[in-house]
Structures are given as C-alpha cells and as structure tokens.
Amino acid sequence: MEDRSKSTKELAMQQFGAHAGHYVTSALHAQGPDLKWLVEQAALSGTERLLDVATGGGHVVNALAPLVREAVACDLTPEMLEAARGLLAANGRTNVTFAEGDAEALPFGEAAFDLVTCRIAAHHFPDPNAFVRECRRVLRPDGRLLLVDNVCPEEPDADALYNEVEQTRDPSHFRAWTKAEWIARLEGAGLKVHSLEAFPKTFRFQDWCERMGVEPAVREHLERKLLDAPEPLRRRLGVQEEAGRLVSFAGESVLIAASPRA
C-alpha cells in the first residue's frame with residue numbers, strides 16, 4: 000500500500016498538473032446536479048468557514064463562496080490551485096484562500112471548519128480511511144461533510160472492469176468504491192450518514208479521454224475493452240456504440256451528507 004500510495008500521489012500531481020486547465024472548462028466538473036445538491040445540502044447562513052478538499056478547478060468553492068464567511072480551497076497539485084485561483088478571481092470571489100495539502104494529512108488544526116466538501120476526487124486517494132478521519136478531525140462538532148464521488152457497481156465483475164478502464168485511462172485513479180464501502184468507512188471514522196443519493200453519469204468517451212490527454216493507442220485499447228466485454232457487462236456499464244465505435248459508457252456518483260457523532 001505504501002509504495003502504491005506514493006506512486007498514485009505522484010501520478011496525480013503529474014496528471015492534474017499537466018491538464019489542470021481542462022478541469023476548469025470541463026462541463027462534467029463545471030456543471031451537474033451534484034453542484035446544485037451541494038448548495039442545497041449546505042444550507043448555509045453566511046457565517047460558516049468552508050474547506051474544499053482536492054478542489055481541482057475550484058467549482059465547488061465558486062458555487063459556495065458567496066454563501067459563506069470564508070472558503071479555503073485545498074489541493075495537492077500547485078497547478079490545480081493556480082487554475083482554481085484564476086476561475087475564482089474571474090468570478091470575483093474575494094473571500095477565498097488557497098492551501099497546498101494532502102487530503103490524507105490536511106494542514107489544518109482540529110475543529111477548524113463548519114463545512115468540509117470533496118467532489119469527484121476521493122477515487123484518487125490511496126488511503127480513503129485516512130481522508131475520512133482527517134475530515135472528521137477538522138470538522139467542528141456541529142459541522143458537516145458533503146462528499147460526492149464516482150462509485151463502482153456492486154457486482155465484482157463490473158467493479159473490476161470499471162476500475163480497470165478508469166486506471167488505464169488515468170493511472171492516478173486508485174479505486175472507485177461501492178456505496179456500502181463508503182457508508183462503512185464514514186461510520187467507522189465516527190461520522191453519522193444523514194443521506195445518500197445516487198445519480199447516473201454518462202462518460203462521453205472522446206471527451207473523457209481528452210481530459211486526461213490519453214494517447215491514441217490507449218484510447219483504442221480502452222474502446223476495444225468496453226466494446227468486446229460480455230453483453231451483460233456491456234449492459235451493466237451502459238456501453239453505447241455507433242457504427243462499431245464507442246460513443247459513451249455509464250457510471251454512477253453518490254452524494255453523501257454526514258456529520259460527527261456526538
């Protein structure tokens with residue numbers, strides 16, 4: 000775990016550093032029902048201090064900064080922080096500070112935040128248990144964690160194929176977990192899950208590859224891997240093709256609201 004943990008984090012910094020701008024402009028990240036859900040679930044009064052872990056292009060902070068007293072955008076990759084800084088400056092977000100930091104060892108004191116968010120990032124974390132413990136540590140006793148991430152199917156064969164294609168496309172993808180695994184992890188860290196909502200996602204194959212700068216040979220391999228999968232797996236992963244070419248496949252995200260147990 001330790002060796003893979005180090006290599007995954009190094010790969011994440013390389014991958015996201017090289018493609019930071021794509022994540023600012025990505026429609027999948029800049030929009031989506033999960034952003035609306037985050038705003039609704041946050042139920043902010045304007046006095047809160049927010050931490051967004053693995054902020055990426057800064058879209059969560061962009062949506063929530065007008066609703067809080069202070070927002071902190073934290074990311075492991077300096078280039079992503081610069082990309083987020085550009086987006087937030089362009090939108091006039093003046094109550095935001097930026098911190099370079101590891102989601103598994105957050106550079107903040109205990110009980111420092113009213114709200115912690117993390118969106119479409121946790122599948123890159125080699126030790127998600129440490130990430131969840133850190134969220135619990137930096138949350139105030141009456142604080143909340145709002146987590147959004149891709150999940151894998153519960154069926155082992157679909158789980159294996161989904162994670163394989165994700166890791167092939169982006170070696171910094173550590174693992175997408177099942178919904179049951181996330182619930183157990185959060186509860187094990189002393190958090191109470193208040194709600195879990197799932198929503199479908201469609202990955203447009205070419206856009207999905209472009210975002211990570213996937214080489215043509217790897218794209219071809221991924222396309223064949225999904226198109227040649229057994230029919231039950233194709234159906235489970237929502238594989239869509241036209242004229243023998245892969246158009247898209249389907250995934251799922253969860254939106255989880257949790258808070259520290261008393």
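Residue 261 is where the sequence shown ends in numbering that gives the first Met the number 0, and the numbering goes up by one at each step. No residue lacks a Cβ here, since even glycine has one placed at the ideal position from N, Cα and C.
Query raised in the report: DSSP state of N162, grouped into three classes?
Result: helix
Query - Cutoff 7 Å; reference R129; Cβ partners in own chain excluding five residues on either side - result: Note that residue 129 is Ala in the sequence shown here, rather than Arg. Closer than 7 Å at the Cβ level, and outside the excluded window around A129, lie E103.
Query raised in the report: Counting contacts by CB-CB distance shorter than 7 Å, is S171 in contact with chain D?
Result: Of the chains in the structure shown, none is chain D; there is only one protein chain.
Query raised in the report: Tell me, which residues are paired with N149 by DSSP?
Result: S252
Query raised in the report: Cβ atoms of A257 and L144: under 7 Å apart, would you say?
Result: With contacts defined as CB atoms closer than 7 Å, L144 and A257 qualify as a contacting pair.
Query raised in the report: Do the region 148-168 and the region 230-245 make contact, defined as three or more Cβ pairs closer than 8 Å?
Result: yes
Query raised in the report: In its own chain, which residues sit with a C-beta less than 6 Å from the C-beta of N149, not counting the 5 before and 5 after it?
Result: H122, A175, G250, S252
Requested in this report: For the alpha helix (DSSP H) holding R234, just list the boundary residues, first then last.
Outcome: 230-235
Query - Cα-Cα separation between A19 and L190, rounded to whole angstroms - result: Because the pLDDT at A19 is just 47, under 50, the model does not fix this residue reliably, and the value given afterwards should be weighed accordingly. Looking at the two C-alpha atoms, the distance is approximately 32 Å.
Report task. Enumerate, from N- to C-terminal direction, the unbroken alpha helix (DSSP H) stretches of 4 or more residues contained entirely within the region 97-151. Result -> Runs of the alpha helix (DSSP H) inside the region 97-151: 127-137.
Query raised in the report: Whose C-alpha, out of L195, R218, G85, F173, is nearest the C-alpha of G55?
Result: G85
Query raised in the report: What is the DSSP secondary structure of T201, reduced to helix, strand or coil?
Result: strand
Query raised in the report: Sorted by chain position, which residues of the same chain lie with C-beta nearer than 8 Å to L37's C-beta, five sequence neighbours on each side aside?
Result: Sequence-distant partners of L37 (beyond 5 residues in either direction) whose C-beta falls short of 8 Å from its own C-beta, in its chain, are V59, A62, L63, T116, R118, L145, V147, L254.
Query raised in the report: What is the DSSP secondary structure of V71, reduced to helix, strand or coil?
Result: strand
Report task. Look at F97 and A72 and say whether their C-beta atoms are less than 7 Å apart. Result -> Yes, the pair counts as a contact, with Cβ atoms nearer than the cut-off.
Query raised in the report: Between the beta-carbon of L105 and the beta-carbon of V95, is there less than 7 Å?
Result: no
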